[in-house]
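Q:
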Amino acid sequence: MEIFTLNTSAISFTDEEFFMFCQDNDTLRFERSADQQIIVMAPTGLDTSFKNSDLNYELVSWNRRTKLGYVFDSNAGFTLPNNAVRSPDAAWVKKERYEALDLFERQRFSHICPDFVIELQSLSDTIKHLQEKMVEYIDNGCQLGWLISPDLKKVFIYKPGSKIIESPFDSPLSGENVLPGFLLDLSKIF
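Here the sequence shown is numbered in our numbering, starting from 31 and rising by one per residue.
#1: How is D103 classed by DSSP in three states: helix, strand or coil?
#2: Is T96 helix, strand or coil by DSSP?
#3: If you draw a straight line from the C-alpha of F139 to the C-alpha of S204, how long is it?
#4: Locate the beta strand (DSSP E) running through E47, then write down its first and last residues.
#5: Are at least three pairs of beta-carbons, each pair with one atom in the stretch 171-184 and one in the stretch 48-59, less than 8 Å apart?
#6: What is the DSSP secondary structure of L177, counted as helix, strand or coil?
#7: Looking only at C-alpha atoms, which of E46, P73, A106 and I41 sits nearest to S152?
#8: Quick check on the burial criterion: 16 or more other C-beta atoms within 10 angstroms. Buried or exposed for E206?
#9: Determine contact between the stretch 58-70 and the stretch 101-119, defined as no fewer than three beta-carbon pairs at a distance below 8 Å.
#10: If you compare alpha carbons, which of I178, E135 and D200 is closest to I194?
#11: Grouping DSSP H, G and I as helix and E and B as strand, with all else coil, what is F60?
#12: Closest to Y100 by CA distance: which of D77, E88 and Y128 is it?
#13: Taking all protein chains shown into account, decide if A120 is buried (16 or more other Cβ within 10 angstroms of its Cβ) or exposed.
#14: Within its chain, find whatever has a CB closer than 6 Å to the CB of P190; leave out the 5 residues flanking it on each side and keep chain order.
#15: List the residues that DSSP assigns as beta-bridge partners of T109.
#16: Which runs of the beta strand (DSSP E) fall wholly inside the stretch 188-220 and span at least 3 residues, in chain order?
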C-alpha cells in the first residue's frame, strides 16, 4: 500500500504547531518525517491491533517486574534528534531518561528517542517503509528494535553498529542488555 503524505511545502510547522495540529485532528494519526512531510497513518485491522496489544502486554509485564523504565503504545509521539516525529507500535525508555524530562515535555511529543522499539507490519505498511523507520530509530539513538512481519513470518532485529539479523517466529526474542531478562515468545501471539 502507498504511504499517504500531506503536501506541506507551503507551510512549516514548529514542534508545538505540529503537536496542536495533531490534537486538533485527533481522529487521525500522524507522523512527521525528518524532511517535515506529514504522514497520515491508517488505522489497523482488528487482528493487527489484537497482536499489538499482546506485544505491549508482554513488554509492560516485564517492565512491571523490573521497574527499569516506561512502556509506550502507538499513541505516543517521539521527536527524534533528526526532528522526525515517530509513533512506534511499542516503545520503551529507560527510567532515568524519561524522568529527566519535565512535565511539559512529557505532555508533548518528547524530544527523546526510545531505547527500544517494536514495529508490527500491518496491511497498510510496506516492509520497505518500516525498514527505513527502523534504521532511522537506530541512527537516532535507539539501542534495540524489532520489526515484526507476520506476512514473512520473520523478525528483523536492529542494533547500533550491527547487521540486521533475521529471526523466524519460532525463535524467542531476547531483550539482550537493553531489556535484561525480557524474552518474547512470538508463538504465543502469532
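Quick reminder that beta carbons are idealized off the backbone N, C-alpha and C, glycines included.
A: Inspection of the coordinates gives the following:
#1: Correct three-state label for D103: strand.
#2: The answer is helix: DSSP assigns T96 an H, G or I state.
#3: So the alpha carbons of these two residues sit roughly 28 Å apart.
#4: Bounds of any beta strand (DSSP E) do not take in E47; it lies within the alpha helix (DSSP H) bounded by D45 to D54.
#5: No: fewer than three Cβ pairs fall under 8 Å.
#6: If DSSP states are grouped into helix, strand and coil, L177 belongs with the strands.
#7: Cα-wise, what sits closest to S152 is P73.
#8: Looking at its Cβ environment, which holds fewer than 16 other Cβ atoms inside 10 Å, E206 is exposed.
#9: Per the Cβ contact rule, the stretch 58-70 is in contact with the stretch 101-119 (3 or more Cβ pairs under 8 Å).
#10: Of the listed residues, the one whose Cα sits closest to I194 is I178.
#11: Note: F60 maps to strand in three-state DSSP.
#12: Residue Y128 is the option with its Cα nearest to Y100.
#13: With 16 or more other CB atoms across the displayed protein chains lying within 10 angstroms of its CB, A120 is buried.
#14: Excluding five sequence positions before and after P190, the CB atoms of its chain that fall closer than 6 Å to its own CB belong to I168, given in chain order.
#15: In the DSSP output, where bridge partners are listed per residue, T109 has V115.
#16: As far as the stretch 188-220 is concerned, its whole beta strand (DSSP E) runs of at least 3 residues are 195-198.
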